[in-house]
Ligand code: SF4
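Numbering (our numbering), first residue to last: 4 to 291.
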């Protein structure tokens with residue numbers, strides 16, 4: 004399908020915290036024949052292009068393969084430049100604390116969870132302390148993370164099972180982790196990758212879902228299918244770091260609304276439909 008050229012106006016938002024690698028970077032290079040212009044000069048999005056702008060032809064569109072190994076390698080290289088040394092932002096001191104923090108992070112922010120967990124783990128220092136609780140007893144301590152009733156059931160249920168079935172130790176195998184209440188592949192991948200340094204899969208959260216679709220690394224919306232797609236194209240030794248990098252990218256630049264494309268090192272290899280700045284073709288299928 005032919006793809007239209009819809010360069011967009013650069014975001015007028017200011018520099019974002021944390022994007023230190025980008026602070027001194029020059030604006031993205033303008034590829035030949037494709038110059039970012041104001042939408043008003045483009046006419047409508049139905050193809051009234053400003054004279055001089057090239058519309059994507061059938062030939063270039065049909066040749067484009069977003070999963071080409073060299074493109075994927077370039078994405079990974081630029082993520083390494085942007086986020087060379089990132090890891091999980093959830094505060095934790097052991098596998099159990101990371102498991103609890105990950106369960107609490109559902110539908111919440113890491114900052115919010117990190118506000119709650121220090122006092123929580125001071126009050127209940129061990130997995131046995133949690134196993135001795137009822138969900139109702141835990142609810143007031145985690146209320147501010149949202150969905151606290153379900154989360155209380157998951158945390159207390161996981162603690163009881165870890166104590167009864169795994170000798171009080173968080174298991175380091177996917178199959179066993181998935182037997183814990185409230186633990187699905189995302190949580191299991193976080194614990195395995197971040198604490199045990201085991202790459203059994205790729206963490207797929209809302210950031211990874213959105214950005215993998217923008218970068219055309221998947222067309223799926225189901226996290227399990229997205230994970231399988233990413234495992235096909237990302238080398239296994241990069242699974243852990245890739246997920247951390249994408250999650251940081253989603254927080255710092257590639258947010259759900261108004262991504263900071265003018266500051267993004269991936270800009271000229273990203274064809275996302277909702278870019279706020281582009282020097283390359285927009286692919287309407289690449290929507291978050
Ligand atoms: S160019 Fe924009 S949409 Fe694409 S990855 Fe960067 S911030 Fe996200």
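Backbone N, C-alpha and C fix where the C-beta goes; we use that ideal spot for every residue, glycine too.
Beta-carbon spacing of residue i, residue j below 7 Å
i	j	result
residue 140	residue 166	no
residue 204	residue 230	yes
residue 76	residue 93	no
residue 273	residue 214	no
residue 175	residue 150	no
residue 248	residue 119	no
residue 134	residue 163	yes
residue 283	residue 70	no
residue 291	residue 217	yes
residue 145	residue 196	no
Heavy atom of the ligand SF4 within 6 Å of residue i beta-carbon
i	result
residue 70	no
residue 135	no
residue 262	yes
residue 273	yes
residue 220	no
residue 217	yes
residue 278	yes
residue 256	yes
residue 82	no
residue 183	no
residue 270	yes
residue 267	yes
Whole-Å CB distance - residue i paired with residue j, under 8 Å assumed
i	j	result
residue 241	residue 79	6 Å
residue 246	residue 194	In fact, because the Cβ distance is near 13 Å, the residues do not count as touching under 8 Å.
residue 173	residue 102	6 Å
residue 147	residue 117	In fact, because the Cβ distance is near 12 Å, the residues do not count as touching under 8 Å.
residue 189	residue 208	6 Å
residue 275	residue 289	5 Å
Flag this pair as touching only if the segment 219 to 228 and the segment 262 to 269 have three or more C-beta atom pairs under 8 Å; answer yes or no. no
Any 3 or more C-beta pairs closer than 8 Å across the segment 181 to 201 and the segment 153 to 162: yes
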